[in-house]
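*Asks:*
Number of protein chains: 2
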Amino acid sequence: MPQTMVPDVVVRRLPLYLQALNHLAEAGRTLVSSTELGEAVGVSSAQIRKDLSFFGEFGRPGLGYEIRYLISALQRILQLDKDWHMVIIGAGALGHALANYRGFEDHRFAIVGVFDHDPDRVGARVGRLLVEPMELLPSRIRENHVDIAILSVPARSAQAVADQVVACGVRAILNYAPMALSTPQDVHVTYIDPIARLQAMTYYL
Amino acid sequence: MPQTMVPDVVVRRLPLYLQALNHLAEAGRTLVSSTELGEAVGVSSAQIRKDLSFFGEFGRPGLGYEIRYLISALQRILQLDKDWHMVIIGAGALGHALANYRGFEDHRFAIVGVFDHDPDRVGARVGRLLVEPMELLPSRIRENHVDIAILSVPARSAQAVADQVVACGVRAILNYAPMALSTPQDVHVTYIDPIARLQAMTYYL
Chain A
7 MPQTMVPDVV
17 VRRLPLYLQA
27 LNHLAEAGRT
37 LVSSTELGEA
47 VGVSSAQIRK
57 DLSFFGEFGR
67 PGLGYEIRYL
77 ISALQRILQL
87 DKDWHMVIIG
97 AGALGHALAN
107 YRGFEDHRFA
117 IVGVFDHDPD
127 RVGARVGRLL
137 VEPMELLPSR
147 IRENHVDIAI
157 LSVPARSAQA
167 VADQVVACGV
177 RAILNYAPMA
187 LSTPQDVHVT
197 YIDPIARLQA
207 MTYYL
Chain B
7 MPQTMVPDVV
17 VRRLPLYLQA
27 LNHLAEAGRT
37 LVSSTELGEA
47 VGVSSAQIRK
57 DLSFFGEFGR
67 PGLGYEIRYL
77 ISALQRILQL
87 DKDWHMVIIG
97 AGALGHALAN
107 YRGFEDHRFA
117 IVGVFDHDPD
127 RVGARVGRLL
137 VEPMELLPSR
147 IRENHVDIAI
157 LSVPARSAQA
167 VADQVVACGV
177 RAILNYAPMA
187 LSTPQDVHVT
197 YIDPIARLQA
207 MTYYL
């Protein structure tokens, strides 16, 4: 069960640890030190030990972390030991790229529907699916127990679409629209905005 | 000139302030309080005042911030008062979506080339450009003074491509490949990995 006292910034680092551990496991490794894991992720070994200490005692002094065990512990903590259902809203170029991205399924994030309000886009094939009209969104979300909505709509439509998915019971939004969303407290919104990330990099150039 | 003592996390918030300020300016507003700006971005007013204090004195007690002035100050701090040149490497579905995304040009990030190592993709039209072979990458980067490389290649190719662009003098990489990159200290890498962001959200569901 998630502990409520864990800082968000710690939670955001756990997937990075998991990714590095998976690479090590694929390379046939069984143990890793916090120093080596830290180097792979780009944080200090002290940070790794501190982050993991929120969830229990995982390392063995002098030996390091048992990779398979830590992977399954992190998967349980992040609730990745189950399938998550997602819809994509907005079937433009980005929506198509997302629908065709195999990484989602590889990580047990299943895309169960792609929606667009534009009649010219409805019916088009995207990956294994056909684009459906927005009118079908509420029933699809309920039938398929959709947990997460990915918004790949223009900024001007993002708030209205967010309101719709929240009204249907979705509690997590991955927002590709360059627009801050206003949502209830119990809805988790994550922003993927390349412009903001580029603008933070140019500071250093 | 960038101050070296400003924490990365503060720098990453500045583009969000800028975005909110631009929306306010477009709505015809001239002044904004730190409370209102904080609500638009999702941080406390104290945080905003603290973040901005790294760069000078911007607010006027009892009045708030003069929006146009703060926009131009943030643009100068983030070095957004000039054009930045970018190349996209990897002309798959995501590369196409990125090349067609008008948001980059709207924010003075110009895509000057799209590259792929696959001969079947070379010559294809993406947006205003044609996909070019990787052999032309070094000369294009030098001729066009490219500052930033966007990597939309598979994870297995990402490190080799990063090594190539770094060897050509690129000092900033926006990496869409789900793979931690090893680069020299003076190269800035930003990761856009929807899987890691989804995996951090499921913790809360």
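Here the protein sequences come in this chain order: A and B. For reference, each letter of the first sequence is one residue, going 7 to 211 in the numbering used here. For reference, each letter of the second sequence is one residue, going 7 to 211 in the numbering used here. C-beta atoms are modelled at their ideal positions from N, C-alpha and C, and glycine is treated no differently.
Could you tell me if P125 (chain B) is buried or exposed, where buried requires 16 or more neighbouring beta carbons within 10 angstroms of its beta carbon?
*Replies:* Position 119 of the second sequence, counting from 1, holds the residue named residue 125 (chain B). Burial call: exposed.
*Asks:* Taking the Cβ atom as the reference point for each residue, do G70 (chain B) and S39 (chain B) lie within a distance shorter than 7 Å?
*Replies:* Indexing the second sequence from 1 puts residue 70 (chain B) at position 64. Indexing the second sequence from 1 puts residue 39 (chain B) at position 33. The answer is yes: Cβ separation under 7 Å.
*Asks:* Could you check which residue in A:A168, A:R108, A:L204 has the C-alpha nearest to that of R114 (chain B)?
*Replies:* To locate residue 114 (chain B), count along the second sequence from 1; it is residue 108. Out of A:A168, A:R108, A:L204, A:L204 has the C-alpha closest to the C-alpha of R114 (chain B).
*Asks:* Can you give me the Cβ contacts of L76 (chain A) inside the same chain, cut-off strictly under 7 Å, excluding the 5 residues immediately before and after it?
*Replies:* If you number the first sequence from 1, residue 76 (chain A) lands on position 70. Excluding residues within five positions, the ones whose Cβ falls inside 7 Å are L27, F64.
*Asks:* Any idea what DSSP makes of L58 (chain B), helix, strand or coil?
*Replies:* Here residue 58 (chain B) is taken as the residue at index 52 of the second sequence, counted from 1. Correct three-state label for L58 (chain B): helix.
*Asks:* Which residues mark the beginning and the end of the beta strand (DSSP E) in which R138 (chain A) is found?
*Replies:* Indexing the first sequence from 1 puts residue 138 (chain A) at position 132. It is worth fixing the name first, because residue 138 (chain A) is Glu in this sequence and not Arg. Counting along the chain, the beta strand (DSSP E) containing E138 (chain A) begins and ends at 135-139.
*Asks:* Is the region 144-164 of chain B close to the region 179-191 of chain B, with three or more CB pairs under 8 Å?
*Replies:* Because the criterion of three Cβ pairs below 8 Å is met, the region 144-164 of chain B and the region 179-191 of chain B touch.
*Asks:* Tell me, please, whether the CB atom of N181 (chain A) is closer than 7 Å to any CB atom in chain B?
*Replies:* In the first sequence, the residue the question calls residue 181 (chain A) occupies position 175. By this cut-off, N181 (chain A) is not an interface position.
*Asks:* Where does L24 (chain B) fall in DSSP's three states?
*Replies:* To locate residue 24 (chain B), count along the second sequence from 1; it is residue 18. Reduced to three states, the DSSP call for L24 (chain B) is helix.
*Asks:* Under the assumption that I179 (chain B) contacts A206 (chain B) (Cβ atoms under 8 Å), give the Cβ distance between them as a whole number of angstroms.
*Replies:* The count along the second sequence starts at 1 and reaches residue 179 (chain B) at position 173. The count along the second sequence starts at 1 and reaches residue 206 (chain B) at position 200. Rounded, the Cβ-Cβ distance is 22 Å, inconsistent with contact.
*Asks:* Decide if R82 (chain A) is buried, meaning its Cβ has at least 16 other Cβ atoms within 10 Å, or exposed.
*Replies:* Residue mapping note: residue 82 (chain A) aligns to position 76 of the first sequence, counting from 1. R82 (chain A) comes out exposed.
*Asks:* Compare the Cα-Cα distances from L100 (chain A) to each of A:V118, A:L84, A:R55, A:D122 and report the closest residue.
*Replies:* Position 94 of the first sequence, counted from the first residue, corresponds to residue 100 (chain A). When each option's Cα is compared against that of L100 (chain A), the closest is A:D122.
*Asks:* Could one say the Cβ of L66 (chain B) lies closer than 7 Å to chain A's Cβ atoms, at least one of them?
*Replies:* Counted from its first residue, the second sequence places residue 66 (chain B) at position 60. In the sequence as displayed, the identity of residue 66 (chain B) is Arg instead of Leu. By this cut-off, R66 (chain B) is not an interface position.
*Asks:* By alpha-carbon positions, which one of B:E42, B:L20, B:V171 ends up nearest to L30 (chain B)?
*Replies:* As a first step, residue 30 (chain B) is located in the second sequence; it is residue number 24 there, counting from the start. Ranking the options by Cα distance to L30 (chain B), first place goes to B:E42.
*Asks:* Under 8 Å between beta-carbons, which chain B residues line up against M207 (chain A)? List them in chain order, please.
*Replies:* Sequence index remark: in the first sequence, residue 207 (chain A) carries index 201 (1-based). Going along chain B in sequence order, the residues near M207 (chain A) (Cβ under 8 Å) are I154, A178, L180, H194, T196.
*Asks:* Please determine, among A:G98, A:R127, A:Q53, A:A173, the residue with the shortest C-alpha to C-alpha distance to I147 (chain A).
*Replies:* In the first sequence, the residue the question calls residue 147 (chain A) occupies position 141. It is A:A173 whose Cα lies nearest to the Cα of I147 (chain A).
*Asks:* Can you pull the chain A residues whose beta carbon is under 8 Å from the beta carbon of H113 (chain B), in chain order?
*Replies:* What you label residue 113 (chain B) is simply residue 107 of the second sequence in a count that begins at 1. I201, L204, Q205, listed in chain order.
*Asks:* Is there a Cβ from chain B that is less than 7 Å from the Cβ of G109 (chain A)?
*Replies:* Taking the first sequence and counting its residues from 1, one reaches residue 109 (chain A) at position 103. So, interface residue.
*Asks:* Distance cutoff 7 Å, beta carbons only. Does V16 (chain A) sit that close to anything in chain B?
*Replies:* Position 10 of the first sequence, counting from 1, holds the residue named residue 16 (chain A). So, not an interface residue.
*Asks:* Please list the partners that A46 (chain B) has in chain A, where partner means a Cβ-to-Cβ separation under 7 Å.
*Replies:* Looking up residue 46 (chain B) in the second sequence gives position 40. Within chain A, the residues near A46 (chain B) are A186.
*Asks:* Tell me which same chain residues have a C-beta within less than 6 Å of the C-beta of M140 (chain A), skipping the five on either side of it?
*Replies:* As a position in the first sequence, residue 140 (chain A) is number 134, starting the count at 1. Within the same chain, M140 (chain A) has close Cβ partners F121, H123.
*Asks:* So V128 (chain A) and H102 (chain A) are in contact, right, with Cβ under 8 Å, and what is the actual spacing, rounded?
*Replies:* As a working note, residue 128 (chain A) is residue 122 in the first sequence. As a working note, residue 102 (chain A) is residue 96 in the first sequence. No, V128 (chain A) and H102 (chain A) are not in contact; Cβ-Cβ is about 14 Å, not under 8 Å.
*Asks:* Going by C-alpha to C-alpha distance, which of B:L80, B:L143, B:N150, B:L22 sits closest to P90 (chain B)?
*Replies:* The residue labelled residue 90 (chain B) in the question sits at position 84 within the second sequence. One point to set straight first is that residue 90 (chain B) is Trp, not Pro, in the sequence displayed. Checked all of B:L80, B:L143, B:N150, B:L22; the closest Cα to W90 (chain B) is B:N150.
*Asks:* Kindly say whether P190 (chain B), judged by its beta-carbon, lies nearer than 7 Å to any beta-carbon of chain A.
*Replies:* Indexing the second sequence from 1 puts residue 190 (chain B) at position 184. With 7 Å as the cut-off, P190 (chain B) does not count as an interface residue toward chain A.
*Asks:* Below 8 Å on the Cβ atoms is my contact criterion, and I expect I201 (chain A) with P200 (chain B) to pass it. Report the Cβ-Cβ distance as a whole number of Å.
*Replies:* One-based indexing of the first sequence puts residue 201 (chain A) at position 195. One-based indexing of the second sequence puts residue 200 (chain B) at position 194. That pair is no contact at about 16 Å.
*Asks:* Evaluate T208 (chain B) with the Cβ neighbour count: other Cβ atoms within 10 Å of its Cβ, from every protein chain shown; 16 or more gives buried, anything less gives exposed.
*Replies:* Residue 208 (chain B) sits at position 202 when you count from the first residue of the second sequence. T208 (chain B) comes out buried.
*Asks:* Distance, Cα to Cα, G48 (chain B) vs V15 (chain B)?
*Replies:* The count along the second sequence starts at 1 and reaches residue 48 (chain B) at position 42. The count along the second sequence starts at 1 and reaches residue 15 (chain B) at position 9. Each residue's Cα considered, the two are about 14 Å apart.
*Asks:* Which same chain residues, not among the five before or five after R58 (chain B), have their C-beta less than 7 Å away from its C-beta?
*Replies:* Here residue 58 (chain B) refers to the residue found at position 52 of the second sequence. Before going on, a small fix: residue 58 (chain B) reads as Leu here, not Arg. Closer than 7 Å at Cβ, skipping near neighbours: F64.
*Asks:* Select from the region 24-39 of chain A all residues with a C-beta closer than 9 Å to any C-beta belonging to chain B, and list them in chain order.
*Replies:* Hits within the stretch, in order: L24, Q25, A26, H29.
*Asks:* Per DSSP, G185 (chain B) is paired with what?
*Replies:* Position 179 of the second sequence, counted from the start, is the residue given in the question as residue 185 (chain B). Per the sequence shown, residue 185 (chain B) should be read as Met rather than Gly. In DSSP, M185 (chain B) forms no bridge with anything.
*Asks:* Taking only beta-carbon atoms, is P8 (chain A) less than 7 Å away from chain B?
*Replies:* Start at 1 with the first residue of the first sequence, and residue 8 (chain A) comes out as number 2. Low confidence applies to P8 (chain A): its pLDDT is 49, below 50, so where it sits in the model is not reliable, and the reading given next is rough at best. By this cut-off, P8 (chain A) is an interface position.
*Asks:* Going by beta carbon distance, what residues of the same chain come within less than 8 Å of A164 (chain B), once the five residues before and after it are set aside?
*Replies:* Taking the second sequence and counting its residues from 1, the one referred to as residue 164 (chain B) is at position 158. Answer for A164 (chain B): L157, N181, A183, M185, L187, listed in chain order.
*Asks:* Using 8 Å for Cβ pairs, my map puts G119 (chain A) next to L135 (chain A). What's the rounded Cβ distance?
*Replies:* In the first sequence, residue 119 (chain A) corresponds to position 113, counting from 1. In the first sequence, residue 135 (chain A) corresponds to position 129, counting from 1. So it is a contact: roughly 7 Å between Cβ atoms.
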